[in-house]
Amino acid sequence: MKKIHCFKCYIAIISVILCWALWGCSTYNSSETEYVSEIATSDRSVLTERQKHILAEESLPTDLDELTASQKRGIMNIENAFLYLDEKYPGIEFDYVSHYPAGLMGQEKTDFIPKGYDKEDSRNLITVEKDRKGIFDDRNGYMLVAVRETMEKVITEYVESYFGEGNVKVYIHPYLAEMEYGDEINENTVKDKVKSTAVLFASDELCTETQLDAFSDNYKNDGHDFECEFRATIIRKSDFEGLTFNNCGDMYDSDHIIYDIDIE
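To convert a position in the sequence shown, counted from 1, into the numbering used here, add 1416.
Encoded structure:
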């Protein structure tokens, strides 16, 4: 059965591991070739306030002269990822989450969350990758975050028109947004340009297996005007009442699932 990978909050798993970048682990040594980004790189002679904040959070010196070569390289690479986001999404602020050096993950990665968004919601995570040529790419990550609320409203209204308001809970995960920063985000644009996966939960008190199967058939044949694949699950009323996105992944086991189907 296809699994939709938006169930569990995994912010804890990707908790800050700056130490890999800054402590000079053997997989990221000082002899590694440095590549220059196509964007303006940070001034390597002066630490920015956000660099100092990150270092202080890691209990590292905030004086550049007191850092080791590998620590300097790590904090400069993080700043360059910040600069990439600053340039691509002017006016949007981001909070740093974690950094993965190239030697550890194959490609250097730095994780961020847009300021003001829930840090406990893994769907808000934006990963900036830096390839071996020094080119940065977030794979349009911020737009996937920016369109989600509107897309979730569209899909929830569609589902509730079938089951009734408040009788189901839907959490979506956009995986493609054919939009650029500055494009208008509304119900019509997300229907045309956003593709998503979603998890749908219904209480066993209000939904039967037959009803869920009927919804699946209806969805496949009614000509809806958006693109979304569902995993639809019936759970106990007691589990449904306390359900949130952050704990919905806990429902996917034999102790909680009553009925479970994929809908495409």
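Backbone N, C-alpha and C fix where the C-beta goes; we use that ideal spot for every residue, glycine too.
Bear in mind that the values here come from a model prediction, so they are computed numbers and not experimental data.
Original post:
When the Cα atoms are used, what is the spatial distance from SER1446 to TYR1516?
Top reply: Reliability of the predicted coordinates at SER1446 is poor, the pLDDT of 31 falling under 50, and no value is obtained from them.
**OP:** Figure out for me which residue from GLY1658, ALA1485 and SER1514 has the closest Cα to the Cα of LEU1541.
**Re:** Ranking the options by Cα distance to LEU1541, first place goes to SER1514.
Original post:
Are the Cβ atoms of MET1559 and ILE1588 separated by less than 7 Å?
Top reply: no
Subject >> Cross-strand partners of ASN1614 (DSSP beta bridge) >> reply: With the sequence shown as reference, residue 1614 is identified as Ala, and Asn is not the correct amino acid for it. Answer is ILE1588 and PHE1646, bridged to ALA1614.
Original post:
Can you check whether the CB of PHE1631 is closer than 7 Å to the CB of TYR1379?
Top reply: Because the chain is modelled from 1417 through 1680, residue 1379 falls outside the range shown and cannot be assessed.
Original post:
Within 10 angstroms of its Cβ, does ASN1637 collect 16 or more other Cβ (buried), or is it exposed?
Top reply: exposed
**OP:** Taking ALA1497 as the reference, give the member of ASP1547, THR1626 and GLU1645 with the closest Cα.
**Re:** ASP1547
Subject >> HIS1515 - DSSP class collapsed to helix/strand/coil >> reply: strand
**OP:** State the DSSP-derived secondary structure class of VAL1570, mapped to helix, strand or coil.
**Re:** helix
Subject >> Start and end residues, beta strand (DSSP E) containing ILE1679 >> reply: 1675–1679
Original post:
Is ILE1491 helix, strand or coil by DSSP?
Top reply: helix
Subject >> Proximal residues to LEU1659 (C-beta, below 8 Å), its chain only, five neighbours per side dropped >> reply: Contacts found: LYS1585, PHE1617, ILE1651 and MET1667.
**OP:** Might you give, ordered along the chain, the residues of its own chain that have their beta carbon closer than 8 Å to the beta carbon of ILE1601, omitting 5 neighbours on each side?
**Re:** ALA1562, VAL1563, THR1566 and MET1595
Original post:
What is the rounded straight-line gap between the Cα of ILE1677 and the Cα of ASP1608?
Top reply: Each residue's CA atom was taken as its position, placing ILE1677 and ASP1608 some 26 Å apart.
Original post:
On the three-state DSSP scale, how would you describe SER1486?
Top reply: helix
Original post:
Should MET1417 be labelled buried (16 or more other beta-carbon atoms within 10 Å of its own) or exposed?
Top reply: Because MET1417 sits at a pLDDT of 42, beneath the cut-off of 50, its placement in the model cannot be relied upon, and the point is left open.
**OP:** Have a look at THR1649, TYR1533, GLY1519 and ALA1472 and flag the residue whose alpha-carbon is nearest the alpha-carbon of THR1624.
**Re:** THR1649
Original post:
Candidates LEU1499, TYR1597 and ARG1647: which alpha carbon is nearest PHE1552's?
Top reply: When only C-alpha atoms are compared, the closest one is LEU1499.
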